[in-house]
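Data block below; observations after.
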Ligand code: GDP
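In the UniProt record's numbering, the protein residues as written are 1 to 266.
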């Protein structure tokens, strides 16, 4: 289920609840169940869905609500708050400052979109008057150096790197070593939005190896289920800062929690 579909289903669950004559415990529970199903089908991790459901139940207890309260509105607000809570780890990401050197390291599985995304990121900040350069520190994957060089040249961004290719090192160990040596100001975890239920564990594994400070979700233009991405935020406790929405340099959007959830819920 794509994200827009998830939003639609949550909205229709809320609508259904408000259509019943008496909003009692049963009606609320049915609405919560429908929201749970929609979230699970969008690949939000099971544990998160459970937490979200129990929070909703506590917030919208019909027995506690005085007559005349608009229960649908209260439920809607509670769902909005819970989804925002899922996407907002409560601390903003580090952002580059002009006139000060800033090292940003991109990590993620092969094919997640790191090469594409770091070029988009550099392009985005150059348009804001920064002077970015790209450095290839991926000695693990054959071709990484050439691909980044090609992107950087096309975008006219200075490029450095070592083309060394070393099969024996494990990706995580190499990543940890690069992070120790370069001491990045920010480590960005790049994740393909179609990753599904594996997202939570994968994101957590990266977070355990290096201090991930922000997340960029790629391929939001595809038919991906977006829920895995929501789980990644919970796993890394780091904010989403951008969404990748295509293969081209400008297909890159800054991410804001509240407008995103508002749009999601229609
Ligand atoms: P890396 O192995 O992590 O460096 O991943 P790449 O940057 O090479 O990306 C893998 C593939 O995904 C390439 O074909 C990219 O063009 C494509 N890609 C990356 N980001 C996006 C995106 O936001 N949308 C779409 N449609 N494709 C993307």
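Yeah, the Cβ is synthetic: ideal placement off N, Cα and C, and Gly gets one too.
DSSP three-state assignment for residue 252, whether helix, strand or coil:
Residue 252 sits in a strand when the DSSP states are folded into three classes.
Measure the C-alpha to C-alpha separation of residue 131 and residue 250 and round it to an integer number of angstroms.
Cα-Cα distance, rounded: 17 Å.
Between which two residues does the beta strand (DSSP E) containing residue 192 stretch?
Under the DSSP assignment, residue 192 falls in the beta strand (DSSP E) whose first and last residues are 186–192.
Report the CB separation of residue 193 from residue 229 in whole angstroms; it is logged as a contact under 8 Å.
About 5 Å separates the Cβ atoms of residue 193 and residue 229, confirming a contact at the 8 Å cut-off.
Determine, for residue 62, whether the minimum Cβ-Cβ distance to residues of chain C falls below 8 Å.
Looking at the structure shown, chain C is missing, and only one protein chain is on hand.
In DSSP terms, what residue 134 is bridged to
Within the DSSP bridge table, the entry for residue 134 names 159 as partners.
Going by the C-beta, is residue 222 closer than 7 Å to any heavy atom of the ligand GDP?
For residue 222, the distance from the CB to the nearest heavy atom of the ligand GDP is below 7 Å.
Tell me the start and end of each unbroken beta strand (DSSP E) in the region 66–132 that is at least 3 residues and wholly inside, in chain order.
Runs of the beta strand (DSSP E) lying entirely within the region 66–132, each at least 3 residues long, are 104–107 in chain order.
Among residues of its own chain, excluding the 5 on either side of residue 83, which ones have a beta-carbon nearer than 6 Å to its beta-carbon?
Here the set comprises 261.
Which stretch, first to last residue, makes up the beta strand (DSSP E) that contains residue 198?
DSSP places residue 198 in no beta strand (DSSP E); its state is neither H nor E.
Expressed to the nearest angstrom, what Euclidean distance is found between the alpha-carbon atoms of residue 255 and residue 11?
One C-alpha to the other measures close to 22 Å.
Given 7 Å as the limit, tell me if residue 112 has its C-beta closer than that to any heavy atom belonging to the ligand GDP.
Because some heavy atom of the ligand GDP lies under 7 Å away, the Cβ of residue 112 counts as near it: yes.
Among 266, 173 and 113, which has the Cα closest to the Cα of residue 242?
The residue with the shortest Cα to Cα distance from residue 242 is 113.
Kindly indicate the opening and closing residues of the alpha helix (DSSP H) around residue 182.
Residues 171–182.
Drop a sphere of 10 angstroms on the beta-carbon of residue 7, count the other beta-carbons inside from all chains shown, and report buried for 16 or more, exposed for fewer.
Buried is the label assigned to residue 7, since at least 16 other Cβ atoms lie within 10 Å of its Cβ.
For residue 57, which of 36, 28 and 44 has the nearest alpha-carbon?
Among 36, 28 and 44, the Cα nearest to that of residue 57 belongs to 28.
Taking Cβ positions, are residue 190 and residue 246 nearer each other than 8 Å?
Not a contact, by the Cβ cut-off of 8 Å.
If you check the beta carbons only, do residue 86 and residue 52 fall under 8 Å apart?
Yes. Within cutoff.
What is the DSSP secondary structure of residue 23, reduced to helix, strand or coil?
Looking at residue 23 - three-state DSSP - the assignment turns out to be coil, as it is neither helix nor strand.
Sequence-distant residues of its chain with Cβ nearer than 7 Å to residue 304 (five each side left out)
With the chain represented from 1 up to 266, any question about residue 304 goes unanswered, as that position is not in the structure.
Do residue 185 and residue 121 have their C-beta atoms within less than 8 Å of each other?
For residue 185 and residue 121, no; Cβs fall outside 8 Å.
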